[in-house]
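A short write-up of the structure that comes next.
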């Protein structure tokens, strides 16, 4: 009989095939994950609690935030005060121009208008007086001509005098025959009390005081800067954190106190 | 077992962290100092400019007012002298013609001219310090050349003060720009972290802060 006609062997193979060899893990090695540090069956080893710093990163953040807010407030206030100072100076400039214009107009009017007319009247008066005086010493033949000439000048005075408030007022008459221009100018100036009250120097002084306050207010941000410095150092030197934070808060308190002092006391 | 969180809390930062923290704090101090200097110099410049303008107005007023007063006095004196000249001329003509009246008028005019010369001087005299006029009007009217020269000298000094303050203020602004740049770079270094790029960025930030410090010194000194 041939092999092809032989029936299959009904007896099963008593020896099973061995399982395939496990493949090596070719993945790159890595640190075990948090949940793989110990087997799931083993409980975690209790670690004694470490002493935590009472002032953690939150303290630094609060210090720096407070420093930033305080710096902004002080800077804003200083800017406002310096703006007031500039405004005072500008106002003093405008006041100076106004005061100068008022004074120059008064001076121009008194010296160029009123005083000129008053001197012209004085000329006619003095000429008439001298002619009268000389006529009284002359012979009767020459006297009429001199008196007539005197009358000409007196007539001119009669016509011109009413037109001059300055020369008409006996308050301004000088013993020598002229008129007091300085007193007239003083009275003209006194007629405008608002113009006399203009004081650009006072506005300038107010601006100077305000700018000193502004600079002092701005100077109070320097301690705030040091508070920032100390707070930043506290983030880098953890062992000194408590001391550095204390110094930082002290700087902030000092800055705030100085700012209040500048604001209230000037 | 190791508690990495506790270790992180109890040990100091790295040298890079410390340098970053130090620079951040230094930038804050520099910024505050530069802001103070910039404000002080800016205000000084503004004040000097305002004073310079005020002196210009004052000089103009004094020149104009004193010119009005002197013009009146000189003009009145000239009219008085003219009258004297006319009187003398009339007397000379009267000698030739034998006109007694004309001679009398001439002598009267000469006498009047002398009186009017004194009157012109009295009316045109600048006001005295103890006079009734207000101080500012007197300040405008009494303007000797020495006082005007002193004002011009003061004005020139104030212009120099303004220029100097402007330069210092600009230097402070430059310093603030450097501070801002250093702040940006240190923030970038903190983000990049410790590494070659981070260290290089931190170095550039320190250079910026140094430039700001130099600007502060130049603005103050």
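Residue numbers (our numbering), protein chains in the order written: chain H, 149 to 414; chain U, 132 to 352. Ideal placement from N, C-alpha and C gives every residue a C-beta, glycine not left out.
- Residue state for residue 290/H is assigned as coil, using DSSP reduced to three classes.
- Interface annotation, residue 243/U: in contact with chain H, CB-CB separation under 8 angstroms.
- For residue 275/H, the residues of chain U that pass the 8 angstroms Cβ criterion are 214, 239, 240 and 243, in the order they occur in the chain.
- Under the DSSP definition of a beta bridge, residue 327/H partners with 321/H.
- Between residue 147/U and residue 329/U, the CB-CB gap stays under 8 angstroms.
- Within the segment 249-270 of chain H, contact with chain U at the beta-carbon level (separation under 9 angstroms) is assigned to 249, 251, 252, 254, 255, 256, 258, 259, 260, 263, 264, 266, 267, 268 and 270.
- The beta carbon of residue 308/H sits no closer than 8 angstroms to any beta carbon of chain U.
- The beta carbon of residue 181/U sits closer than 8 angstroms to some beta carbon of chain H.
- Here residue 170/H is exposed, its C-beta having fewer than 16 other C-beta atoms within 10 Å.
- C-alpha of residue 414/H to C-alpha of residue 354/H: approximately 12 angstroms in a straight line.
- Distance check between residue 193/U and each of 268/U, 332/U and 308/U places 268/U closest, using alpha-carbon atoms only.
- For residue 387/H, there is no enclosing alpha helix (DSSP H), as DSSP marks it with neither H nor E.
- For the 8 angstroms CB-CB criterion, residue 322/H and residue 254/H do not form a contact.
- When secondary structure is reduced to three states using DSSP, residue 274/U falls in the coil class, being assigned neither helix nor strand.
- In the DSSP assignment, residue 262/H falls outside any alpha helix (DSSP H) and carries neither an H nor an E.
- Of all C-beta pairs linking the segment 334-349 of chain U to the segment 305-317 of chain U, three or more are shorter than 8 angstroms, placing the two stretches in contact.
- 8 angstroms or more divides the Cβ of residue 279/U from the Cβ of residue 244/U.
- Between residue 291/H and residue 271/H, the alpha-carbon positions lie close to 21 angstroms from each other.
- Counting along the chain, residue 342/H sits inside the alpha helix (DSSP H) bounded by residues 341-345.
- For residue 352/U, no alpha helix (DSSP H) run applies, since DSSP gives it neither H nor E.
- Residue 171/H: not part of any alpha helix (DSSP H); DSSP gives it neither H nor E.
- Annotated as distal: residue 204/U and residue 274/U, with beta-carbon spacing of 8 angstroms or more.
- DSSP, read as helix, strand or coil, puts residue 305/H in helix.
- Collapsing the DSSP output to three states places residue 368/H in coil.
- When CB distances to chain H are screened at a threshold of 8 angstroms, the residues of the segment 261-277 of chain U falling below it are 262, 263, 264, 265, 267, 268, 271 and 272, in chain order.
- Restricting attention to 377/H, 345/H and 267/H, the CA atom closest to the CA of residue 210/U is found in 267/H.
- Counting only residues of its own chain and dropping the five nearest sequence neighbours on each side, residue 289/U has a CB closer than 6 angstroms to the CB of 179, 182 and 183.
- If you draw a 10 Å sphere on the C-beta of residue 367/H, you find 16 or more other C-beta atoms in it, and that means buried.
- The C-alpha of residue 352/H is placed about 37 angstroms away from the C-alpha of residue 398/H.
- Taking 8 angstroms as the cut-off between beta carbons, the residues of the segment 191-210 of chain U near chain H are 191, 192, 195, 196, 199, 200, 202, 203, 206, 207 and 210, in sequence order.
- With its beta carbon less than 8 angstroms from one in chain H, residue 156/U belongs to the interface.
- Around the beta carbon of residue 338/H, fewer than 16 other beta carbons lie within 10 angstroms, which makes this residue exposed.
- Using a Cβ-Cβ cut-off of 8 angstroms, residue 174/U is close to 230, 233, 234, 359, 362 and 363 of chain H, given in chain order.
- Residues of chain H whose Cβ lies closer than 9 angstroms to the Cβ of residue 153/U are, in chain order, 377, 380, 381 and 384.
- Contact of residue 245/H with chain U by beta-carbon distance below 8 angstroms involves 188.
- Between the segment 230-247 of chain U and the segment 273-293 of chain H, the count of Cβ pairs shorter than 8 angstroms is three or higher; the stretches touch.
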